[in-house]
Amino acid sequence: MATRTIVEGVRVERRKRLSETYIGEWLMTTDHKKIGIMYILTGIFFFLAGGTEALLIRTQLAVPNGQVLDPKTYNEIFTMHGVTMIFLFVMPTLSGFGNYVVPLMIGARDMAFPRLNAFGYWVVLFAGLFLNSSFIFNAAPNAGWFNYAPLNELTAGHAIQATPGLNEDFWILGILLLGVSSIAASINFVVTILKLRAPGMTINRMPLFTWMTLVTAFLLLFALPSLTAASVMVLLDRHIGTHFYQATFGGDPLLWQHLFWSFGHPEVYILILPAFGIISEVLPVFARKPIFGYTFIAWSGVAIGFLSFTVWAHHMFAVGLPPIAQAFFATSTTLIAIPTAVKIFNWIATIYGGKISLKTPMLFALGFIAMFLIGGLNGAALAVVPFDYQVTDSYFVISHLHYVLFGGTAFGIFAGMFYWFPKITGKLLNERLGQVQFWLMLIGVNLAFFPMHILGLLGMPRRIYTYPGNLGWNELNLLSTIGAFTIGVAIMIFLWNFVITMRSEQAAAEDPWDAFTLEWDTSSPPKPYNFLTIPTVRSRRPFYDKKNPEIADWKTATH
Amino acid sequence: MPEEQNQNKEPEKIAEAGNVVKRGGKPRGRPVAQEQAISPQMSYWPFVLAFALAILLLGIITHPVILGIGVVLATVSIIGWGLERR
């Protein structure tokens, strides 16, 4: 009895270190999987913020002479909708998938620079909070997501006020901060993919999602400097008194457009290429076939990357470029459709003759192809200079970019979300709710964005605050708003699905899709070290080979 | 067959079962000695530095004092990151 008392008396409990607490574990993590999860959750959070802004815009425009928002707030909302969706939803979410999946896909134990990886994530989070804190200061960015000069200046001339408040400073500094994160993440992806691949995983055996992540990382590294330079120059104009963009003092507002779109058009491919990668992973698994034309898909991604730096001025046809420049940029824009079409043909050939399983990831992948095709075709129409003159800065352009970035990228993100959810969480999202979400999103996207083609042709300008009721736009705008709310319902269903799945006790199988690539060749979710032994790769489908040694790809294929 | 199912086996056996044997017959994969040795160390400096940069930028557009706090925080976190044991 006495002994027991002494033992109890001297028992020492060490205080937990910060890294041992639940919060500390996430704050201090350098594990690529945890960082990937944080990126994805942050992306979803900002998706909800950007989506709410979209619904506010559509509510304002639902009927003529709308008064839901005041004009000043409306400018801030449509600007922040674009900024949020592009920089705080799509980029972080795709980066999250890259962080989580790429090291697993290539048989690595982590990213090359784990601390830099963590830094990249935290910068995104703080940049997002920084940008959105502008609402607290009543000075959210309000000059559109591309922030044209001279509207982004304090003054446009000697006595013409442009944007004297902090609005544009928030945009400039927020974007600079996000650029820091993108550079950190890109360097990490490039080094990881080039240096940490498992033995036997040659460049030509890399999964296509890894390929597209590599191309995207290079695009960011080469595209961001022009945006950074442009942003610093406008900051100097605003606060130091330089005149880079002020025509009155010998500057040139068009310089902003050139510098911005030198970044901005590669940015479009930065937003879509990883989604191409996701689709190229999902389609073969759910068609039970190897990807058709692997080499073409991979190298067409590289071709798109190169060409994306030659097309920027197609955003500027209406500014009065010389005819030779118009001809050049129209041609290069048309050229870029070729490698894009190569991908679409290869995806269709992949599913042709396959044993297609129409699970939710596959539905989103198929939806992606259809919607992206529409976005690509109306994009090709915009490459035709006389047509572009007619519809530039109209709702036709809004329709095009939403078919590409929502019907395309967002569908790709949801394909990846449903596909890798069991890998990340060990649980399977509810299939029925997933299918309902898909069909609602497909209907919602077409209802919201297709009428915008016609609105654009009828002359409705983008960024317009409201409109009179006698222009023939009323019904189309109402339809568009109904479509936006349908998408909103679909997203609510996704959130519900997410919550009930996470609360459920039911675990998914380790390899629920009978997948082909290495990320599935470990537990779900994986251990911190990913692989007990680094696997050796002998073909493009290493996990398929392992499961089917008698018909392994390496026995027949030459790659 | 996910690798997890093999995690209690000897590395050599895993190498055989996991089809990671070199032509010469020797296992090529690197067996895991212990989890700690191969996992990157945790660090709070990336978080602190990112926070410092956000404060610094907020300071640029709001008040010099906030800017000063941001500069100090960023300097401390860069030094701390650099001196941290790996």
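Residue numbers (our numbering), protein chains in the order written: chain A, 1 to 559; chain B, 1001 to 1086.
By construction, the Cβ of each residue, glycine as well, lies at the ideal position given by its N, Cα and C atoms.
- Between V499 of chain A and the set A:L116, A:N346 and A:F421, the nearest pair of CA atoms involves A:F421.
- Two segments are said to touch when three or more pairs of C-beta atoms, one from each, lie closer than 8 angstroms; by this definition the region 357-367 of chain A touches the region 415-435 of chain A.
- Assigned with DSSP and collapsed to three states, P461 of chain A falls in strand.
- Three or more beta-carbon pairs drawn from the region 501-510 of chain A and the region 423-434 of chain A are found closer than 8 angstroms, and the two stretches are therefore classed as touching.
- A straight line joining the alpha-carbon of F130 of chain A with that of I175 of chain A spans about 10 angstroms.
- By the 16-neighbour rule on beta-carbons within 10 angstroms, W145 of chain A is buried.
- The beta carbon of I270 of chain A lies closer than 8 angstroms to those of M91, T216, L219, L220 and A223 in the same chain, with the five residues before and after it left out.
- In the three-state reduction of the DSSP assignment, T248 of chain A falls in the helix class, which pools H, G and I.
- In this structure, DSSP gives S1043 of chain B a state outside helix and strand, which the three-state scheme calls coil.
- Residue nearest to L1053 of chain B within the set B:G1068, B:S1039 and B:E1084 is B:G1068 (criterion: CA-CA distance).
- When DSSP states are grouped into helix, strand and coil, S182 of chain A belongs to the helix group.
- Close to chain B, meaning a Cβ-Cβ distance shorter than 7 angstroms, are the following residues of the region 94-118 of chain A: R109, D110, P114, R115 and A118.
- Looking at the DSSP output, Q161 of chain A sits in a beta bridge with A:T155.
- CA-to-CA, the gap between G43 of chain A and T93 of chain A works out to about 5 angstroms.
- I1060 of chain B reaches chain A at L173, counting residues in chain order whose Cβ is nearer than 7 angstroms.
- The beta carbons of D521 of chain A and R540 of chain A sit no closer together than 8 angstroms.
- DSSP, read as helix, strand or coil, puts S394 of chain A in strand.
- Closest in C-alpha terms to V123 of chain A, from the list A:N138, A:A184, A:Y148 and A:W299, comes A:A184.
- What A1074 of chain B touches in chain A, judged by beta-carbon distance under 9 angstroms, is nothing: the nearest beta carbon there is about 12 angstroms away.
- Annotated three-state conformation of R205 of chain A is helix, per DSSP.
- Taking a contact as a CB-CB distance under 8 angstroms, the pair E168 of chain A and D237 of chain A does not count as one, their CB atoms being some 10 angstroms apart.
- P461 of chain A places its beta carbon 8 angstroms or farther from that of S480 of chain A.
- The region 229-248 of chain A makes no contact with the region 336-350 of chain A, as fewer than three CB pairs between them are under 8 angstroms.
- In this structure I106 of chain A touches T210 of chain A by the C-beta definition: roughly 6 angstroms separates them, less than 8 angstroms.
- Just measuring C-alpha positions, the residue of A:F45, A:G36, A:G472 and A:L405 sitting nearest V268 of chain A is A:L405.
- Collapsing the DSSP output to three states places W211 of chain A in a helix.
- Under the three-state reduction of DSSP output, N378 of chain A falls in the helix class.
- In this structure, W473 of chain A sits away from Y465 of chain A, with a CB-CB distance that is not shorter than 8 angstroms.
- Within the region 215-239 of chain A, there are no complete beta strand (DSSP E) runs of at least 3 residues.
- Minimum Cα-Cα distance from W496 of chain A among the listed residues A:K555, A:Q67 and A:V436 corresponds to A:V436.
- Proximity of chain A to P1040 of chain B at the Cβ level (cut-off 8 angstroms) is accounted for by T30, D31, D110, P114 and R115, in chain order.
- Measuring C-alpha to C-alpha distances from A484 of chain A to each of A:F449, A:T155, A:V397 and A:K33 identifies A:F449 as the nearest.
- Sequence-distant Cβ neighbours of E25 of chain A in its own chain, meaning closer than 7 angstroms and more than five residues away, are S19.
- Put simply, the CB of W513 of chain A is far from chain B, with every gap to its CB atoms at 8 angstroms or more.
- Against chain A, a Cβ distance below 7 angstroms from L1057 of chain B picks out F130, L173 and L177.
- Setting aside the 5 residues that flank it on each side, F126 of chain A is surrounded in the same chain by L177, each with a C-beta closer than 8 angstroms to its C-beta; the list follows chain order.
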